[in-house]
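Chains as they are written, first to last, in my numbering: chain A, 1 to 501; chain B, 1001 to 1501.
Ideal Cβ placement from N, Cα and C applies to all residues, glycine included.
Contents: one structure, followed by commentary.
Protein chains: 2
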Amino acid sequence: MENALEIYQKARKKLNAFHYAMYLISWDSETEAPVGCLEERSKQIGELVSMMLEISHCKEYVEAVKTLYDKKEELTTDLKLEIVKVWEELEKELKIPEAELIEYEMLLAKANNIWCEAKLNNNYALFAPVLAQIINWQKKYIQYLETDTLKGYDVLLNDYEKGFTKKEYDEFFDLLKKELVPFVKKITSLKPLDDSFVYKKYSIDKQKEFAHYLMDVMCFDKKFGLTKESEHPFTSGYGTTDVRVTCHYYENLLTSSIFSMIHELGHATYERQCDSKYDDTALSGGTTMAMHESQSRFYENIVGRSYPFWSKHYPVLQQLFFENLHDVELDDFYHAINKIEKTLIRTEADELTYPLHIMVRYDIEKAIIESNLDVHALPKLWNKLYQDYLGIEVPNDTKGILQDVHWAGGSFGYFPTYALGSAYAAQLYHQMKKELNIDEAFGADDLSKVNAWLKEKVHKYAGSKSPKEILLMVTHEEFNPKYYLEYLKEKYSKIYQLTNE
Amino acid sequence: MENALEIYQKARKKLNAFHYAMYLISWDSETEAPVGCLEERSKQIGELVSMMLEISHCKEYVEAVKTLYDKKEELTTDLKLEIVKVWEELEKELKIPEAELIEYEMLLAKANNIWCEAKLNNNYALFAPVLAQIINWQKKYIQYLETDTLKGYDVLLNDYEKGFTKKEYDEFFDLLKKELVPFVKKITSLKPLDDSFVYKKYSIDKQKEFAHYLMDVMCFDKKFGLTKESEHPFTSGYGTTDVRVTCHYYENLLTSSIFSMIHELGHATYERQCDSKYDDTALSGGTTMAMHESQSRFYENIVGRSYPFWSKHYPVLQQLFFENLHDVELDDFYHAINKIEKTLIRTEADELTYPLHIMVRYDIEKAIIESNLDVHALPKLWNKLYQDYLGIEVPNDTKGILQDVHWAGGSFGYFPTYALGSAYAAQLYHQMKKELNIDEAFGADDLSKVNAWLKEKVHKYAGSKSPKEILLMVTHEEFNPKYYLEYLKEKYSKIYQLTNE
């Protein structure tokens, strides 16, 4: 076994170096690479990926990992967890013929451009054939990976959030459907809150200044990270010592940069607060997509759209944009950032209607994978579901089924983790309230108390504990979506002054 | 041989992908990486480098290259040139024990920090021991690489500019010493030209605007490159489709960003105008350091400090900084950017005194390598040479021997190529004047005519022709420094109205 460990660790070092290079290449692509270099770049990436596969699929490495997996009980706790994770992923990978995987990657590279064009021109028919090919591949993938206990769509769902399958998600979304759909209907029938002032002209330089203020409020250490602009905000990095966030600034929409900054800094805080002993191991970084999303949404919505937070920081914002905000009171601002609206675009949705957007996508993915619904039937289903869940008419496919990049990128089973993340966050928040003085923690000069709590309860474990383990350990019960519903209903009943809830 | 070619090409693809990754990692380090990530980064770079060595030093690869080299006459012209270059470099590399090379790299990594601190604190004694170690390594390196025809300092000089050894450089610098030192003395004894206005306050945003204007003037295609800020300006890239320049802006020094931008864009134009068939081969990019420097200096000095160039573009600059420049006439501006001064710092030196700074370093390197001068004696020699060549007193080591990073980086034999580059540029210019209407080409809306001429004569060949071959082909004679002297004397005699020259 010693020999196996040596082989594993040597290969791991090499694979890490490749991951490191790929991280920086993709960071460059997303933030500044000139468009003319991308053809050369895809060639070089292809070469790097094929070198990685040479290492991770070679017989010696596979056998070493298998040996370690078989004797995992003899390993130290962290190494055991790492080997289990690596072996499970490797086992999956090896079930898929390499040639098919490469063909699929090439399909995806093409698909993204076609999707862009289709979205730009509101032309779903253009996208449909390539979407059909991607769906076919998903089905083939499922066949390769199906086990006695995991079948169909569950294979994909389990890929993104281990242990969550249709059974769990159906229960979760059924509850939301029952409780949230009528609640949203009621709220959106009331007089809308006024948020007109957020659409005034806000200098981008000053927005950037406020973004840096938020970095300080969230205790983001610029020694180990940076912020930059990109078309779509995201967080990236390597280990705990290099964590980067991006933002997009709109001159006519103050709130976009503020909340996307808090959201991305939430992801970044999670990464930064992982125990650094996991750096360069397979357990590095947040434990799952849903848990990562729970942290970004915790900061963005639970903290960032709270009254105590803005009691502290609104005066700073008001001072910065005095001309636009001098006659906007704290309460007006708080209401504006919590305005509920039936809207078409997921990424612009408010906290309350957001999970309904996810439900639409979950239902459609189920229909695609399990009921073999034809791609040409999808826009109609999309539009019907927006009517059912949000009571809104979809005017065209650009603002409908073509809005998200995910399916063009082959991500099926990913969307549900977004809603799950919000629910994790609410369950953690329920516990935090018992242990912290929230007004004080959210309304302090900085969020160090919030950070410290989340570090201790969630972040420090990196990938060494699953969300299920973390929730049980921290909240003393299994995942329970009722906290999410309670949180939403309580908050928005108060804001919209619903007395009979 | 077919088999050897296959082995070579397969390995080359892999090595290219590593070079590509290293290029972007180092670009990131130089322009934005947070300082806290650098420890992790050096570990990952170490791993990437060791993987590269595994490929390029493995027996199979070395034998394949050797086989191709031995049968080079059977190869196509470009492949033959490539193999010769690769084999010559590989042969050198293999003469140095890998362990010593790694030890040396670690020494250099340490040396840079020590040099920074020594420079900051004007403490040469701090730097001396590590400099001594680096010098020892240079001597060991020379021993490994000495041949019957190349000995001592020549080994290093030849590394940076093939075919240039002490013999050629001595001739070159002796001529400069004889002609330029008295010429500079005469000019600096005259009433200084007035450049006080360049030290006024110039908005950095507007300087950036003008930098973008210069990019257009130089026909820099932003589809294949970009500009960014960094502490020290430089040019980087990969092949012809990704070429990047950086700039540093000083609020109180207008000319710094203008001329460093033109300089770096000169390097970039060379890279961009290489024939793209050399991309991904060992012949990619400019042919040597000196030729690269000749191109950046051609644009910076010969074009960028010329009267016709500013006749066209000064009105734009004047308009942009109207408050500061409205009463500065074109002639005043032209004189200010060509002001000759005895100064201490090489990188801030004017076009005329610049080669004297290089002569100081050349003499010192010779003394170090050939006369075994002790490191503790170097500052005294430095100060004496500044007195001899420039007639200037060096007040401290920070502004003296500690000013350049090169020796801390192990670059011995590099400095002379800077002066050589200027001389190449002047010889090319002498020919250009016969073929182009200079007033028209330099004074046009953009520099497309200059670019086209240099592309045809120099750039398109990339690394497939040596500077010697290029000069002979373009100017119909061997390298001849008299054109450099003529150019300098003619230009500055006119500006300083020396009638008896």
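ask   = What three-state label does DSSP hand A/GLU501 in the structure shown?
value = In this predicted model, A/GLU501 has a pLDDT of only 46, less than 50, meaning its place in the structure is not dependable; the value taken from the coordinates is given anyway. It is coil, neither helix nor strand.
query = Assuming A/ALA132 and A/VAL375 make a contact with CB atoms under 8 angstroms, what is their CB distance in whole Å?
reply = About 5 angstroms separates the beta carbons of A/ALA132 and A/VAL375, which is inside the 8 angstroms limit, making them a contact pair.
query = Which chain A residues sit within Cβ distance under 7 angstroms of B/CYS1037?
reply = Residues of chain A passing the Cβ test: PHE224, THR241 and ASP242.
request  = With a threshold of 16 other CB atoms inside 10 Å of the CB of A/GLN9, please say whether the residue is buried or exposed.
outcome  = A/GLN9 is exposed by the Cβ-count criterion.
query = Under 8 angstroms between C-beta atoms, does A/GLN497 make it to chain B?
reply = Contact with chain B is absent for A/GLN497, since none of that chain's Cβ atoms lies less than 8 angstroms from the residue's Cβ.
request  = Report the rounded CA-to-CA distance for A/LEU420 versus A/ALA290, giving the unit in angstroms.
outcome  = The alpha-carbon of A/LEU420 is positioned some 6 angstroms away from that of A/ALA290.
Contacting residues, own chain, Cβ-Cβ under 8 angstroms from B/LYS1162 (five flanking each side not counted) = In chain order, THR1288 and SER1466 place their CB closer than 8 angstroms to the CB of B/LYS1162, counting only its own chain and leaving out the 5 sequence neighbours on each side.
inquiry  = Is there a C-beta anywhere in chain B that falls below 8 angstroms from the one on A/LEU214?
reply    = At a cut-off of 8 angstroms between beta carbons, A/LEU214 makes no contact with chain B.
task = Starting from the N-terminal side, write out each stretch of the alpha helix (DSSP H) that is 4 residues or longer and does not extend beyond the stretch 127-164 of chain A.
result = Listed in chain order, the complete alpha helix (DSSP H) runs (minimum 4 residues) inside the stretch 127-164 of chain A are 153-160.
ask   = Just checking my contact of A/GLY409 with A/PRO379 at CB under 8 angstroms: how many whole Å lie between their CB atoms?
value = Actually they are not in contact, since the Cβ atoms of A/GLY409 and A/PRO379 sit about 19 angstroms apart, beyond 8 angstroms.
message = Distance check for B/LEU1108 and B/ALA1099, CA to CA, integer angstroms please.
response = Roughly 14 angstroms between the two C-alpha positions.
ask   = Taking just the CA atoms, how far does B/TYR1483 sit from B/GLU1501?
value = Model confidence at B/GLU1501 stands at a pLDDT of 45, short of 50, so the residue's coordinates are unreliable and nothing is read from them.
query = From the beta carbon of B/TYR1061, is the nearest beta carbon of chain A less than 8 angstroms away?
reply = Chain A contact via Cβ: absent.
ask   = Taking DSSP as the reference, what is the three-state secondary structure of B/TYR1414?
value = Coil.
task = Give the DSSP bridge partners of A/GLY237, in chain order.
result = The partner list for A/GLY237 (beta bridge, DSSP) reads A/VAL243.
ask   = So, is the C-beta of A/ILE25 closer than 8 angstroms to a C-beta in chain B?
value = Answer yes: the Cβ-Cβ gap between A/ILE25 and chain B drops below 8 angstroms somewhere.
inquiry  = Check whether the stretch 1049-1059 of chain B and the stretch 485-501 of chain A are in contact - that is, three or more C-beta pairs closer than 8 angstroms.
reply    = Taking 8 angstroms as the limit for Cβ pairs, the verdict is that the stretch 485-501 of chain A does not touch the stretch 1049-1059 of chain B.
Alpha-carbon to alpha-carbon, A/ASP242 and B/ILE973 = Residue 973 of chain B lies beyond the range of chain B shown here (1001 to 1501); nothing can be said about it.
key: Nearest-angstrom Cβ-Cβ length linking A/VAL155 and A/GLU168, presumed shorter than 8 angstroms   = So it is not a contact: roughly 14 angstroms between Cβ atoms.
task = Tell me whether the beta-carbon of B/GLY1413 lies closer than 8 angstroms to the beta-carbon of B/ASP1159.
result = Yes; because the gap between Cβ atoms is below 8 angstroms, this pair is in contact.
inquiry  = Just to check my reading of the structure: A/ASN324 and A/LYS200 have Cβ atoms closer than 8 angstroms, yes? What is that Cβ distance to the nearest angstrom?
reply    = With a Cβ gap of about 5 angstroms, A/ASN324 and A/LYS200 count as contacting.
query = Hey, is B/GLU1501's beta-carbon within less than 8 angstroms of any beta-carbon in chain A?
reply = Interpretation of B/GLU1501 is limited by its pLDDT of 45, a score under 50 that renders its predicted location unreliable; no figure is taken from the coordinates.
query = Whole-angstrom Cβ separation of B/TYR1496 and B/LEU1176, contact assumed at under 8 angstroms?
reply = No, B/TYR1496 and B/LEU1176 are not in contact; Cβ-Cβ is about 19 angstroms, not under 8 angstroms.
ask   = Would A/PRO34 count as contacting chain B if we go by Cβ distances under 8 angstroms?
value = Chain B places a beta carbon closer than 8 angstroms to that of A/PRO34, counting this residue as a contact.
task = Compute the Euclidean distance between the alpha carbons of A/TYR141 and A/LYS166, then round it to the nearest angstrom.
result = So the two alpha carbons sit approximately 18 angstroms from each other.
message = Any beta carbon of chain B sitting closer than 8 angstroms to that of A/ALA17?
response = Interface criterion met: the Cβ of A/ALA17 is under 8 angstroms from a Cβ in chain B.
key: Secondary structure of B/THR1255, DSSP reduced to three states   = If DSSP states are grouped into helix, strand and coil, B/THR1255 belongs with the helices.
query = A/ALA21 touches chain B at which residues, Cβ-Cβ below 7 angstroms?
reply = At a C-beta separation below 7 angstroms, A/ALA21 has these neighbours in chain B: ALA1021, ILE1025 and LEU1048.
ask   = My guess is that A/ALA425 and A/ARG297 are in contact by the Cβ rule of under 8 angstroms, so how many angstroms apart are they, rounded?
value = So it is a contact: roughly 5 angstroms between Cβ atoms.
inquiry  = Please classify A/VAL35 as buried or exposed, where buried requires at least 16 neighbouring CB atoms within 10 angstroms.
reply    = The residue in question, A/VAL35, is exposed, as its Cβ has fewer than 16 Cβ neighbours within 10 Å.
inquiry  = Since B/LEU1402 and B/ALA1111 should fall inside the 8 angstroms C-beta cutoff, what is the C-beta to C-beta distance between them, to a whole number of angstroms?
reply    = B/ALA1111 and B/LEU1402 do not touch by the CB rule: their CB atoms are close to 12 angstroms apart, not below 8 angstroms.
ask   = Any beta-carbon of chain A closer than 8 angstroms to the one on B/MET1473?
value = By this cut-off, B/MET1473 is not an interface position.
ask   = How many whole angstroms separate the CB atoms of B/GLU1293 and B/TYR1153, which I take to be in contact at a CB cut-off of 8 angstroms?
value = B/GLU1293 to B/TYR1153, Cβ: 20 angstroms. No contact.
inquiry  = Is there a Cβ of chain A sitting closer than 8 angstroms to that of B/ASP1446, yes or no?
reply    = So, not an interface residue.
query = Under a Cβ-count criterion, where at least 16 other Cβ atoms within 10 Å of its own Cβ denotes burial, should B/LEU1120 be classed as buried or exposed?
reply = B/LEU1120 is exposed by the Cβ-count criterion.
key: B/GLU1209: first and last residue of the uninterrupted alpha helix (DSSP H) it sits in   = Taken as a continuous stretch (DSSP letters only), the alpha helix (DSSP H) holding B/GLU1209 covers 1204-1217.
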